[in-house]
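Input: a single structure, listed below in structure tokens.
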Amino acid sequence: MALRRPSFLPSLDELEQQAQDRSAQGARKDSQFDHPTAKYLFMVMLVVTVVAHVVAGAVFLVMGH
Numbered sequence: 077m078a079l080r081r082p083s084f085l086p087s088l089d090e091l092e093q094q095a096q097d098r099s100a101q102g103a104r105k106d107s108q109f110d111h112p113t114a115k116y117l118f119m120v121m122l123v124v125t126v127v128a129h130v131v132a133g134a135v136f137l138v139m140g141h
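Start counting at 1 in the sequence shown, then tack on 76, and there's your number in the numbering used here.
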């Protein structure tokens, strides 16, 4: 018995067409990120890294190293 794909999922042809449409558009010229989530994640990780370094620097200053 073969499993059938649920009807609410797009067909492979539709998915392929969507992927081709996205690749044809490309990213904006002034943007390094082609997806908003990637930009958001980058900014969050940048902030976390800077805060961690500042806190570690303060701890080392207090400890006298």
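Even for Gly, the Cβ is constructed at its ideal location relative to N, Cα and C.
Asked	Found
Distance, V127 Cα to G140 Cα	20 Å
For S99, three-class secondary structure by DSSP	helix
Three-way DSSP call (helix, strand, coil) for L85 in this model	coil
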